[in-house]
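Undergrad: This structure is in C-alpha cells; I'll ask about it shortly.
Protein chains in written order, with our numbering: chain W, 204 to 673; chain G, 204 to 673; chain H, 204 to 673; chain C, 204 to 673.
Laid out in C-alpha cells, this is it:
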C-alpha cells in the first residue's frame, strides 16, 4: 500500500510502480495504481503480479499527476476476482475517491447489511468497499473528506491501514490498535509518501519520517505540509501484528521503529539461548531463515554457512513433472551444498512450519548431501489460532502444529531435533519498540474483542501464510 | 445483448459465448458473460472482442448453470475502461443482479445526481449503473425484482433494452418507444432466450417467438413459462431506430418482424426508382452495400457484379505503413475487380458516407481498374442530427453531410454522380413492419422530448457509426 | 511468394509484409521475409499467419533495404516445423542466398541422397533445401548466380516457381511446364516485383507486366532493367495447374493472362448449360462459390440471391462446444437467409466437395430456413487422382468422390440433385489463356512423368485442399 | 549443455527441461531440446530463457524418448538470431544428429572457407555448424559416429565441450586442453547423463561419476555401459578456464573435482590475507560476492553480515524510469541494510568490476545507509586480455581495468580502499584440483596458440561477462 503527494505534476505513476515492486511481497494476487492529475483520477488494477499487470502502454495511459496511490493485494483462492483488486475507485457528487486498504474489519458483515437495507449496492465482496461507503456516507454530513474518514472510523472495528486519495488530498489512517504498519516518508523535493513498509521509501530514495500512529489520520495536500487528526488515538489497546516481524515484512524495513532484520536475528539468538545444540554449522532455509540463522550463529558461536543454492529462474511458468512432484519441485528450487554440510552436524533455521511437507524434503536433501545430523530450529512459535486481523493463516485443522506435538512433528519431518521460538521470546524480538504486540495467532488472546465465528470476510485483504509452502 | 433461461443446469456459458459471436457487430469495445448456477452468479467481462476476452480457461471457470446473460458493448474513445464493460454485476441484501443494457437514458445525469445526494456511490460513468441502482432502490419498496423493474421504468426516459438476471429470474424489458430491438426465442428443449437480434437465435438453432413489445417486461424463470407485464406499453410514441435496418443489424436478422436483408434490398430498389442512372454494372461496397446493390440491380435491370475482393486476413494487428496511410490501408483491404468494372459504367452502392475519405479512395480504385464512369448511390439519407438514443454518430461538425451539399460531396469524392436515399423512402424500407421509425438523425424530429444540450452520457452504450470508416 | 527489387534503399520490408497479406490464402502454415540492405541479408520466418509472425518490433529489426523476398507456406500436419518455413537463408563463400519456392520436386529424394553421399548436410526435410543446394553446388562451377540457377534447373524435375535473392540480384524462375503461377510487376518508380499472383501487385499499386514464361529465368538488379534467360523454355509439355483457377488463386488475380473471377463465372455458366435445373434462386456457398453462382445465374436466368451470412468474427481462437461439433461449428459461421430461400427452390453452388461433411450441414441449414428444394452444383470435376506438383489433396481414400458415385453422394449430402463440372468444361474456363492445363488430379493423366509411388516429399510445399472444410 | 541416455522410453524431455533450469546461468540468450524416440529425433529451440521457450504444449509435442540433449546459449548482441540457437539439428543419409557445443573454435573461419569451396552451405554463423559439418564429412569416411567425432577433433583447434546425439548413441567430447567443463552422472536406474555442471545432476537426483577428461570421447548407448576413446588425451597443454570458478559456474557445482563454493570462499580468504583491512563487518554484493565474503570473514575474524536485500520480483519486464536510470535501477534491485552497516566500517566483496558503474552506486548506497568506511575487495584479478575460448568479455577498451590503475579505480568508485585478488592467488583457489588453469584473460598467456587478430567467431558460443552489470 503506497501513496505519494507531490507539489507539482510529476512521474508519480512510475514512482508508485517502483514502490509496488518493493511491496510486492505483501500481496501477490492483484495490484493497481490510481493517479490524480489536477483532480482527474485515472486508475488501473488487475489480477497478477506488478509485472503482469503493468506494462509500458498501461503506465503511459495513466500518465503523470501530482498524487498517486498503489496497492498489492494478497487474497484467497478464487479466480476471476479482478473486481476485488485495489485501489477501489468510486465516483460521487462530493468528489471521486481512490481507496487502498490493508487489514480486516471485524464488523464488516453487520455494517454491510445495514447499508444494503438503506439502498446501498455493492460491487465487490471486500471489506474495503464497506469502508469506502462508510466514508462516502459520512461525507454527506461532514465538511471535509478527512472529517468523513474520522467519522467512519467510529463505526469500523478491526484492523485497517488506509491510504485514500481525493481530488485534492492524500489521506493516511491507521486503526486505533495499529495492527498493520503504515509509515510516512519524504522525498528531497518535499513530496510526502505513505507506505506499508519503509523499504518502499528506500527504493525511491525517500527519507523515513515516522510511523502513522495507531488511530491517527494524516492529511497531505499538494503545496501543503502534513496535518494530523488524533481523535481516535489511544482509544484501544495496542497490538501491532508480531507476524509482520516474523514473516510478512521485508528484512530491510523498519516497522514502528524497529528493524525487521535485527528482530529476526534476535529470534535466532533467543533460539540459540533457549534451544541450544552441539553442531558444526548453522544454515538458514532460503530466503526467510537466513537472518535468524546468522543470529543463531552469533549467539552460539557455531559457524554460519551457506547451506542451499536457490535456483532464481524457477517461476510461476515452470511446468511440474507428473510424479514425485513435491520432492522434485523442492529439489529444483533448492540444492544442498555438500561443500558446507557434508560430514557435518547441521542446525537448520526456518521461519515457520505450516504443513510440514517442504521442511521434510529440505531435511532429506541435507542428509543426501552428507549431513550427519540435522537439527531444525523454527524462528517463531507455532500458529495455533485464527487471525481476525488480516493474515490468512490456514484454518486450525490444516496446520501441523494443531494436530501434533513438537516431538511428533520432529519425527514426521525426519529431523534429529526440533524446537520453536517461545511466545515469551517472540514478544522481545523488537526491543527498540516498546509497544505491545498482537500475538493472538500464537496464544488465542487478542487485544480487541473478536467474533465467535471466524468471519468469512477476514480472508479478504489479508496476507497468506500459505504462499511460503508453494 | 443476450440472456438464456434453462430448466436445468447446462452449458449456458458456451451458448452465451456463441451468441456473443453472432452479436459481435453490435459492439466491439468490450464484452462479458454472467452465469447463474442455482442462485450463485459468476461473471467476467473485459475490454476487447469476444475472442480477446474469452478463452478456454475463463469459460471453464465460469462453469455451468441454468441461466446466463451476455453483452457486447460499443463505446467511446478512452482506454482503461474495463469497469464500464457489461454485464454489470451488483450485490445486495435482496439478492445479486447482473444487468445488460443497450440504449441511452436521456435523464441519466439528473437521476445520478439525485441518487448521489442520498449517499449512492457510483463505480462507473455509465447509464447502466443508473438503471441498476434505480431498480435496486425500487426493490427495497417492492415485492419482486420484476415489480422493481416496472417501478424504475417510471423514472427512466430515453432508450433502453434490458436483460436482467436475478438469482431465480431472467427479465427482459424494452423502453415504451421501443428504440432498440429485443426479441424472444426458444430452444427445442423449452429454454427461453432474449437477444438483441434474431441472428443470435439462429446460431443456437433456436426458434424466433416474437419481439418484446415497447414498454413490456417479460419474465422467464427456470421451470416456468414466460410472464409479461405491460404497464408501460402504449405510454409513449413508438420509434424503432431506422438506423438498425440501414446499418447496425445483421442482414440475416429479423427486427420487429421485418427482414433486414429485404429492407436493404428495398433501399436499393427505391434508390433505383428515385435516382436512376444509365450504367453497365451495379456493385456494392463490401460488405454493407451488397444487399442494396442487389436490390438496385433487380429494380433497374442493370447486371449485378462483384466489384471488390476483400482481404479477410487484415485485422487489428496489421501494422500500417507510414505514408499514404489512408489509400494504402483501403487498397490492402479492398481490391477492385478489373474483370468486372474495366471499360464499364459502374453504379457503386454504399450504405453511408461519414467523412467521405474512404469512399473517395474506393471511387479512385474503380477508376484505376478501368471503370469509365462511377455513380455513387447511398442506401440511406444523410445523417444531419444527433442521436440521443444510443447511436454514437459523430458530432454534427465532422459529418460531411453537414458541411457540404450533395453536389459538393460528389465533387469531393470524385464520382460522376451521387444520390442519397430520400427520407420518405427510408420510412418504407421495412413494409412488413407497420410501426413508425425514429428517423431523428435524418430529420431532427424525435418521437420523445430530447435535451437542449447533447448529454455527454449519450456516448456511453451506443453503437459507433464511425467504425465503418476504419 | 514475392520479391521486390528497388533502385534505392526503401521500405521494401513493409511492402513485402503487405504483399504477404494479399498472398496469405496461398499458405497459412508459416511465413517469412528476407531483406537485403546493400548486400547484407536479414531474415525472419516462423510458423503462423502473417499477423502472428510479424509485429512492429520484428519489422523494425528487419529494417530497410533495396531488395526483399517473402513467402507464405502451406504445409502438412506436424508441429514444431519452424525450420521448414521460408525464405530459406543460406550462407556461402560465393555469397548468401534467400530462396522462396512454390511447388514440388518429383526427383527430390534421389537428388538429396546423391548430395548427402558427397557430404552435404540437410537442416530441413523440404524440397526447397534440395533446390537451394543444387544451385549452390552449381555456383562453384558457374560465373554467376543466374547461370547456377539455369544449371540446377537441368537437374530438377517437377513443379517449381522460385524467387531467389542474392547480395546483388533478384531472380525469378519457373519450371518448364509452368505448373505454378509467377508474374512480374512494376511500381511507378520503376522497381520490379515478382509475385505468385497479380493481386499482390494490386495491393501495392503496381502494374502487372507479364507472367514469367514456363522455363524462363528472369533477373532483376537494383539500377538495372530485367534480363531473361530462356534456355529451358519449350523443353517440356505445358501444364498450368487448373486447380489454381478452380480453388487456389484469389478471384481478383490474373493468372497467365486469364481472370480467375471470370474463369469461375465461366465454370458456373458451363454448369448451367450442362446440368440445368428449374429453380427460383441461385446462391453460392461463401466465399468460394459466389463467383460461379453469379455465372450460373446469368446463364440460366434464375435470379441470384444472398443465401448465407458469414460470421466474420469467428477465428482460430474460437472454442468449440463439446457436442454436435460439426453442425454447431458450421451454424456459427454461416446463417442461411430465410428471406432469400424460404419457400424457394434453391440452386447451391460450391467449388468442391472433399469429405462431404460441411456440404451436408449447409444443405440442411437451407432446408431449415425454408428451402423447398436444394440442388447442388459443384464448380469443378471430382478430385480422383493424386497431385505430384504441389497441391496437397487428401489421399485417394478419404475423398468422397473416390468411394461413391455422384448419385450416392447426392443421397449422402441430402440434396435434391447433384452435378459436377465436366472435365471438358474445366479445360475451357479460362479461354483467354491458350495454353493447356494440367488436369491430372481429375484425370490421372499428367503432362510429365510421375513416380509410381506417391513421393513423401510432395507434401512439402503444397497448398492444402483440406483447409476448405475446416 | 546436457544429455541423457536411458535404457527405456521415459520422460527424458522433462528431465532435460529441469536440467536446463539448473544450467540457465550458463546462457540466457537462447535454449533448446532435442529428443530421440527410437531413432526419430524431434527438436525445438528459440531465443529466450527456458520459461520463455518451453511451455506445456511444446514439451508435450516433443513427447517421450530414450535420449535427449539440451542447451542454453549465451550470445552476442543481435536480434533475430533464432537460427543460431542449439541443439543444432542436421539430417544426413548416415543418420541425423543433434549437436550441443560450448566453447569457441580458434580456426573456425579457415575450416569454414575450405568447406564452402567444396560445396558446403552454412545456415548459421556459428562455430557449432563448422564442428557439425566436420563430423558429418568425417562420417562418410569412418565406420561410426564416434570415429567421426575423433577424426573431426583432429581438425578443431580451441575450446569445445560437445554433447552429440545420433539415432542410437549419446556422445560427449571435450577439447584436449579441457577449457570448458563437462561431467558425467548416473541416475539410480542406471541412465547416464552428461552435463556442463554437476548442479544439473543434483537437480535430477543423479550421482556425479566423474568429469570427461580433456581430449576424451565418451559414448553412451541405451542398454549399454559407457565407452571411452582417449586418442586425443594428453595431446595439448591443460587449461581449465579459471573464470568458471570465479564467475561462471554455480557455487553448488563441482568442476573437475573442486567445489566452486569452496573456491570462492578461498578467494575471500586469500583477499583477507593479502589485502587486510580494519573493519566492523564484511558483506558480499548479492549474489555473486556472498561466498567470498564468508571466506573473508572467516579468515579475518571480522563478522559476516547481510548488507543488501535484493528485490526478487524485478525482472526483464521492469519498465525503467527515464532519468537517473543507473542509480534508480540499482536502488530498485538492492537495498542496503542500515541495520547492518550504519555506523560501521564495511568490507564489501564483489567478484569483478567490469565498467565500474554498478559498484559506484553500490558503494554510494552503503554510505547513504550510514557506513562510515567502505573497503572494496574484488574476488578475482582484473580482466585485461581477450578470451579466445568462449567467454565474451568486453573488448579491452571498455574494461575499466585497462584504462585506469587500481588507485584511480578506487577514486572513481568512491571507495575508501580497493584491492583485487592476485594472479598467484587465483591459481590456488581450487586446491583439490591439481591441473593448471587457463588464466589468459588475466595474464595474456594462453595454454595454446591464439590468433593475432581477435576472431569474430569467438563471440559465438561464449558466456557474457557483461550480463552481470545489467
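Note that CB positions come from ideal geometry on N, CA and C, so glycine has one too.
(1) Does the stretch 370 to 379 of chain W touch the stretch 414 to 427 of chain W, meaning 3 or more C-beta pairs lie closer than 8 Å?
(2) According to DSSP, is residue 553(G) helix, strand or coil?
(3) Using the beta-carbon of each residue, which ones in chain H are nearer than 7 Å to residue 340(C)?
(4) Which one of 217(H), 317(H) and 628(H) has the shortest CA to CA distance from residue 478(H)?
(5) Among residues of its own chain, excluding the 5 on either side of residue 666(W), which ones have a beta-carbon nearer than 8 Å to its beta-carbon?
(6) Just the C-alpha distance for residue 258(G) and residue 248(W), rounded to the nearest angstrom, thanks.
(7) Between 236(C), 620(C) and 591(C), which lies nearest to residue 581(C) when the distance is taken from Cα to Cα?
(8) Thinking just about the alpha-carbon of each residue, which of 552(C), 509(C), 533(C) and 297(C) is nearest to the one in residue 545(C)?
(9) Return the residues of the stretch 290 to 308 of chain G that lie within a Cβ-Cβ distance of less than 8 Å from chain W, sorted by chain order.
(10) Out of 241(C), 208(C), 458(C) and 225(C), state which residue places its alpha-carbon closest to the alpha-carbon of residue 513(W).
(11) Flag this pair as yes or no: are the beta carbons of residue 294(C) and residue 326(H) separated by less than 8 Å?
(12) For residue 227(C), decide whether its Cβ has a neighbour in chain W, counting only Cβ atoms nearer than 8 Å.
(13) Taking 8 Å as the CB-CB cut-off, is residue 462(G) touching chain H?
(14) Looking at the unbroken alpha helix (DSSP H) that takes in residue 402(W), where does it start and where does it end?
(15) Output the boundary residues of the alpha helix (DSSP H) element that contains residue 501(C).
(16) Could you check what DSSP says for residue 512(C) in three-state terms: helix, strand or coil?
(17) Taking any Cβ of chain G, which residues in the stretch 491 to 505 of chain H have a Cβ under 8 Å from it, in chain order?
(18) Residue 549(C): which of 539(C), 575(C) and 540(C) sits nearest, CA to CA?
(19) Between which residues of its own chain and residue 343(H) is the CB-CB distance below 6 Å, once the five residues before and five after are set aside?
(20) Quick check on residue 352(H): buried or exposed, where buried means 16 or more other Cβ atoms within 10 Å of its Cβ?
(21) In angstroms, rounded to a whole number, what distance separates the CA positions of residue 358(W) and residue 337(W)?
(22) Starting from the beta carbon of residue 326(C), find every residue of chain H whose beta carbon is closer than 8 Å, and list them in chain order.
(23) Given that residue 454(H) touches chain G, what residues does it touch there, using C-beta distances under 9 Å?
(24) Excluding sequence positions up to five away, which residues of its chain have a Cβ less than 7 Å from the Cβ of residue 613(C)?
(25) Select from 583(C), 241(C), 232(C) and 363(C) the residue whose C-alpha is nearest the C-alpha of residue 209(C).
(26) Here's the rule: buried if 16 or more other CB atoms are within 10 angstroms of the residue's CB, otherwise exposed. What is residue 610(H)?
(27) So with Cβ pairs under 8 Å, would you call residue 402(C) a contact of chain W?
(28) On the CB-based measure, 16 or more other CB atoms within 10 Å of its CB, does residue 458(G) come out buried or exposed?
(29) Listed in chain order, which residues of the stretch 515 to 535 of chain G have Cβ atoms closer than 7 Å to some Cβ of chain H?
(30) Taking Cβ-Cβ distances shorter than 9 Å, what residues in chain C pair up with residue 406(W)?
(31) Cβ closer than 8 Å: which chain W residues qualify as neighbours of residue 220(G)?
(32) Any residues in the stretch 250 to 267 of chain G with a beta carbon nearer than 8 Å to a beta carbon of chain H? Which ones, in chain order?
TA: In this structure, then:
(1) yes
(2) strand
(3) 322
(4) 628(H)
(5) Unreliable placement is indicated for residue 666(W), whose pLDDT of 38 sits below 50; the coordinate value is still reported in the next sentence. For residue 666(W), where only same-chain residues beyond five positions count, the Cβ hits under 8 Å are 229, 230, 277, 451, 593, 594 and 595.
(6) 20 Å
(7) 620(C)
(8) 509(C)
(9) 292, 293, 294, 295, 296 and 297
(10) 225(C)
(11) yes
(12) yes
(13) yes
(14) 402 to 406
(15) 493 to 503
(16) strand
(17) 493, 494, 497 and 501
(18) 575(C)
(19) none
(20) buried
(21) 8 Å
(22) 292, 293, 294 and 326
(23) 509, 512, 540 and 542
(24) 620 and 621
(25) 241(C)
(26) exposed
(27) yes
(28) buried
(29) 516, 517, 518, 520, 521, 522, 524, 534 and 535
(30) 514, 531, 534, 535 and 538
(31) The contacting residues do not exist; residue 220(G) stays about 15 Å from chain W at best.
(32) 252, 253, 254, 257, 258, 259 and 262
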